[in-house]
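Here's the structure we're looking at; comments come further down.
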Amino acid sequence: MCGYSQERESSKISKYKSMVFKHFFTAILLFGISMSCGDSSTMQQNPREADLSDVSIAKDDPADKLMSKYTTFKLEADLSKLSANQKKMVNLLITAADKMNELFWYEAYGEKQDLLDGISDPNLKKFAKINYGPWDRLDGNKPFIKSAGKKAEGANYYPADMSKEEFTKSKIKDKESLYTFIRRDDEGKLYAVPFHQQFSAQIKEVSSLLKQASELAENDGLKKYLSLRSKALLNDKYQESDFAWLDMKTNQIDVVIGPIETYEDQLFGYKAAHEGYVLIKDMEWSKRLAKYAQFLPELQKGIPVPEKYKKEKPGRDTELNAYDVVYYAGDCNAGSKTIAINLPNDEEVQLQKGTRRLQLKNAMRAKFDKILLPIAAELIHPDQRGDITFDAFFSNTMFHEVAHGLGIKNTIDGKGTVRKALKEHASAIEEGKADILGLYMINQLHTKGEIAGDLKNYYITFMASIFRSVRFGASSAHGKANMIRFNYFKEMGAFVKDPATNTYKINMEKFAEATQKVAEIILTIQGDGDYDRAAKVVAEKGIIDKDLQADLDRLTKAGIPVDVVFEQGVDVLGI
Numbered sequence: 307m308c309g310y311s312q313e314r315e316s317s318k319i320s321k322y323k324s325m326v327f328k329h330f331f332t333a334i335l336l337f338g339i340s341m342s343c344g345d346s347s348t349m350q351q352n353p354r355e356a357d358l359s360d361v362s363i364a365k366d367d368p369a370d371k372l373m374s375k376y377t378t379f380k381l382e383a384d385l386s387k388l389s390a391n392q393k394k395m396v397n398l399l400i401t402a403a404d405k406m407n408e409l410f411w412y413e414a415y416g417e418k419q420d421l422l423d424g425i426s427d428p429n430l431k432k433f434a435k436i437n438y439g440p441w442d443r444l445d446g447n448k449p450f451i452k453s454a455g456k457k458a459e460g461a462n463y464y465p466a467d468m469s470k471e472e473f474t475k476s477k478i479k480d481k482e483s484l485y486t487f488i489r490r491d492d493e494g495k496l497y498a499v500p501f502h503q504q505f506s507a508q509i510k511e512v513s514s515l516l517k518q519a520s521e522l523a524e525n526d527g528l529k530k531y532l533s534l535r536s537k538a539l540l541n542d543k544y545q546e547s548d549f550a551w552l553d554m555k556t557n558q559i560d561v562v563i564g565p566i567e568t569y570e571d572q573l574f575g576y577k578a579a580h581e582g583y584v585l586i587k588d589m590e591w592s593k594r595l596a597k598y599a600q601f602l603p604e605l606q607k608g609i610p611v612p613e614k615y616k617k618e619k620p621g622r623d624t625e626l627n628a629y630d631v632v633y634y635a636g637d638c639n640a641g642s643k644t645i646a647i648n649l650p651n652d653e654e655v656q657l658q659k660g661t662r663r664l665q666l667k668n669a670m671r672a673k674f675d676k677i678l679l680p681i682a683a684e685l686i687h688p689d690q691r692g693d694i695t696f697d698a699f700f701s702n703t704m705f706h707e708v709a710h711g712l713g714i715k716n717t718i719d720g721k722g723t724v725r726k727a728l729k730e731h732a733s734a735i736e737e738g739k740a741d742i743l744g745l746y747m748i749n750q751l752h753t754k755g756e757i758a759g760d761l762k763n764y765y766i767t768f769m770a771s772i773f774r775s776v777r778f779g780a781s782s783a784h785g786k787a788n789m790i791r792f793n794y795f796k797e798m799g800a801f802v803k804d805p806a807t808n809t810y811k812i813n814m815e816k817f818a819e820a821t822q823k824v825a826e827i828i829l830t831i832q833g834d835g836d837y838d839r840a841a842k843v844v845a846e847k848g849i850i851d852k853d854l855q856a857d858l859d860r861l862t863k864a865g866i867p868v869d870v871v872f873e874q875g876v877d878v879l880g881i
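Just so it is clear: in the sequence shown, position 545 is 851 by our numbering, and no numbers are missing.
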């Protein structure tokens, strides 16, 4: 809101403080009895300890300045080639995906309405909606509401008073499941609640919408997937629908929906978060990308680690496709927005069949034009700015996702999956692996003549992208991964800061050497399931030092947005 000031905000507090208390204490009384997000006959809630006595802004910056971190982009796509039934299907899928917002709010924060009702400033309320709670996802999850307090590492998946030790010692059935909440009973004992029970009413609605969409599907593969996904939501058994999703080859419409990524659970990294994407495939771009999947087995053999760390064989059914995304909801819509997807996450599915990599072309173009190029103009040496291209940005992003399929999914000494062995650090280490092996793949394919352009286009664009991504905050998995890589590369001389221009310049030879060395570090940690070493790397390297922070502050002062928010939905699409 224009003209916002702390004085005006303070004058609002007394106006609605009594209203907030009323909402809060009513919620506490009712929370354990019934709740719109659950089945009251089977569950007792464990609401987060919260104090909503002061929902005024906690930062020095006014709300309109907080909102300036984001730039708006309209999600559009060419639907002229879709049939009437396909357009009806897109409408149904957007409605289904939109329900993921409600579920993710609960996972990330809890009951949202008391928070939102207490905020009268429209920009501050909008900022809370972007962040799905009172914590700034682009600023290390710092609270921007005065009384919010520190965000729980386990978000709302676990009781607020539960320690890691208590969870580890407990013998709860399905406690490490991706698809359960951990709660306390009347006697204080921990127990697990499946997602499909917690969200019974909403899940039934989404399941019905997917079933209706399947009946409209003109593509057999899509029809089968939607039908199976509809059933999977009702029992949290997703593997069969994951296989069906990978079997789809010629579908023009796609949807990614359900509990998927585990970034929100920073306590253990066990619990998945609900999200939804609705996508229109770019058939021509997808054909151009198809050839790269065939090189995965060969590239796996060449990754720079001893043989025991690359004994697994990536699935051969891996696909690369390009899409225009027309709707984001839930986890993928919180804070920084995803521009590429690599799924399924199920290790068994990946090893048996592979994965699909989805490049979200329109969202990617928005970030390149509105964010990456302005960053490069500020921080990259003038001699190298001309080497930053959209094709390189697209390829770096794509091969990041492809690289998730390389390396190792299970530890080499029987500790189980890498994800479970590294716990809350698994996501950051995995994202770091994907970044570094993406560069390795580009180097290898460029040497083979399979990728066009000068190699320096890819390296320099990659460097500029680090500054873009690290602005998401070092609290996120992607932010930590970027900082780990940045700090290692700095130590290894992969780039230097030119004092004359106050900009960064890449040393091509040392950049390639650093790529090899960091790849070996990360892949060894994963293969060994070395939790202690992972924790040390994240603690020592996953940080933003004062010099880099000063450069990031320059970007803010220059008015360069950090990320995008979307105008999206059926009205934007005109259906």
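Glycine included, every Cβ here is placed at the ideal spot set by N, Cα and C.
- Beta-bridge analysis with DSSP links Val396 to no other residue.
- Taking C-beta separations shorter than 6 Å and ignoring five residues to either side along the sequence, the partners of Lys614 in its chain run Ile718, following chain order.
- Take Gly575, set aside five residues on each side of it, and the residues of its chain with a beta-carbon closer than 6 Å to its own are Thr568, Lys729, Glu730, Ala732, Ser733, in chain order.
- Counting other Cβ atoms within 10 Å of its Cβ, Lys577 reaches 16 or more and is therefore classed as buried.
- Residue environment for Met789: buried (at least 16 other C-beta atoms within 10 angstroms of its C-beta).
- Membership of Thr377 in the beta strand (DSSP E) is indicated by the continuous run 376-380.
- Spanning the alpha carbons of Ala646 and Asp492 requires a straight line of approximately 43 Å.
- Just so you know, the alpha carbons of Lys375 and Gly460 end up roughly 26 Å apart.
- The bridge partners DSSP lists for His502 come to none.
- It is roughly 10 Å from the alpha-carbon of Ala669 to the alpha-carbon of Glu382.
- With a 10 Å radius around the Cβ and a threshold of 16 neighbouring Cβ atoms, Arg594 comes out exposed.
- DSSP assignment within the region 452-529 yields the following whole alpha helix (DSSP H) runs of 4 residues or more, N-terminal first: 470-475, 501-504, 506-522.
- If you look at Asn627, you'll find it in the beta strand (DSSP E) that goes 625-636.
- Here Thr821 is buried, its C-beta having at least 16 other C-beta atoms within 10 Å.
- Between Ala402 and Val562, the C-beta gap is not smaller than 7 Å, which leaves the two residues out of contact.
- Looking at Ala596, Tyr598, Gly564, the one whose alpha-carbon comes closest to that of Gly582 is Gly564.
- Under a 10 Å Cβ-count criterion, Thr556 is classified as exposed, with fewer than 16 other Cβ atoms of the shown protein chains found around its own Cβ.
- Just measuring C-alpha positions, the residue of Ala628, Val632, His710, Asn447 sitting nearest Gly660 is His710.
- Pairing Val868 with Arg777 gives a Cβ-Cβ distance under 7 Å.
- The beta carbon of Ala550 sits closer than 6 Å to those of Lys530, Tyr531, Leu534, all from its chain and outside the five residues before and after it, given in chain order.
- By the CB criterion at 7 Å, Ile681 and Phe773 fall inside the cutoff.
- In the DSSP assignment, the residues bridged to Pro449 are Trp441.
- The straight-line gap separating the alpha-carbon atoms of Leu761 and Asn749 is approximately 7 Å.
- In the DSSP annotation of this structure, the continuous segment of the alpha helix (DSSP H) that includes Pro680 starts and ends at 679-685.
- By the CB criterion at 7 Å, Ala672 and Val870 fall inside the cutoff.
- Following the DSSP letters along the chain, one finds Leu761 inside the alpha helix (DSSP H) bounded by residues 761-776.
- Here Asp637 is not near Phe801, since their CB atoms are 7 Å or more apart.
- In this structure, the beta-carbon distance from Asp697 to Lys667 does not fall below 7 Å.
- Residue ranges of uninterrupted alpha helix (DSSP H) with 4 or more members are absent from the region 784-811; none lies entirely inside it.
- In this structure, the CA atom of Thr809 is about 33 Å from the CA atom of Thr830.
- Nearest C-alpha to Asn763 among Leu751, Gly692, Phe817: Gly692.
- DSSP, reduced to helix, strand and coil, places Ala646 within a strand of the structure shown.
- DSSP places Glu618 in the coil class of the three-state scheme, outside both helix and strand.
- A distance below 7 Å between beta-carbons, with the five flanking residues on each side excluded, links Arg839 to the following residues of its chain, in chain order: Ile831.
- Setting aside the 5 residues that flank it on each side, Pro449 is surrounded in the same chain by Ala364, Pro440, Trp441, Asp442, Gly455, Lys456, Lys457, each with a C-beta closer than 8 Å to its C-beta; the list follows chain order.
- Per DSSP, His752 is not a residue of any beta strand (DSSP E); the alpha helix (DSSP H) it occupies stretches across 732-753.
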